[in-house]
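Visitor: Residue numbers for the sequence shown follow my numbering, beginning at 253 and rising by one. For reference, the structure I am asking about is given below.
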Amino acid sequence: RGARWSEFDLDGKEWRIPQERMKIKEGGDHIVPLTKQTIKLINELEPITGCYDLLFPGERRSTQPMSENTLLFMLYRMGYKGKATPHGFRATASSILNEQNFNSDAIERQLSHVERNKVKGAYNYNAEFMRERKKIMKWWSDYLDDMEKEKIVVAGNFKRKQ
């Protein structure tokens, strides 16, 4: 919601979220690798909101991001009331990516989660896992494209309950 146009480097294919906007106030800026699909969407959005500081400005106050409720009520209108929340998509993505055997540390770093294991966290404090995160984001973008084209419904190797 709070993404700002100035945070995007489309040529460098990254979104750099300043540390002060992150929940975790340590470790520097959070870098999100951008895929060709993401860049295409950003370019399509630019004529609509490019005159504002925010990619998704509020309807009443363009200097403020759209509200969390805007996204929640959009899901309600789509028939997902009581079934999904915007934040829940992060958990869904994590589960699907883990089912695809991506490096779990890279997934957690992509989601900007803090390592709960203090020893592991100390050793991996500065690890970005950027190469793997680029693969994750490419796979995720392709996965969403395939879902839109109805090629797939759910990713994963699930066993039938006997």
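Where a beta carbon is used, it is the ideal one built from N, C-alpha and C, also for glycine. Predicted, not measured: the structure shown is a model, and the values here were computed from it.
Looking at P285: is its Cβ nearer than 8 Å to the Cβ of M399?
Guide: No. Outside cutoff.
Visitor: Run the CB neighbour count on L363, radius 10 Å, all protein chains shown included, and call it buried at 16 or more, exposed below.
Guide: Counting Cβ neighbours within 10 Å, L363 comes out exposed, since fewer than 16 surround it.
Visitor: By Cβ distance below 7 Å, which residues in the same chain neighbour R342 in space, the five residues on each side in sequence not counted?
Guide: Around R342: L363.
Visitor: Run the CB neighbour count on R383, radius 10 Å, all protein chains shown included, and call it buried at 16 or more, exposed below.
Guide: Per the 10 Å Cβ criterion, exposed.
Visitor: Which of the three DSSP states is assigned to G373 in this structure?
Guide: Note that G373 scores 44 on pLDDT, short of 50, meaning its location in the model is unreliable; the coordinates nonetheless yield the value given after this. Note: G373 maps to helix in three-state DSSP.
Visitor: Do P338 and L323 have their C-beta atoms within less than 8 Å of each other?
Guide: Against a cut-off of 8 Å, the Cβ pair of L323 and P338 comes out as a contact.
Visitor: Which runs of the alpha helix (DSSP H) fall wholly inside the segment 288-356 and span at least 4 residues, in chain order?
Guide: Segments of the alpha helix (DSSP H) lying fully in the segment 288-356: 288-301, 320-329 and 340-351.
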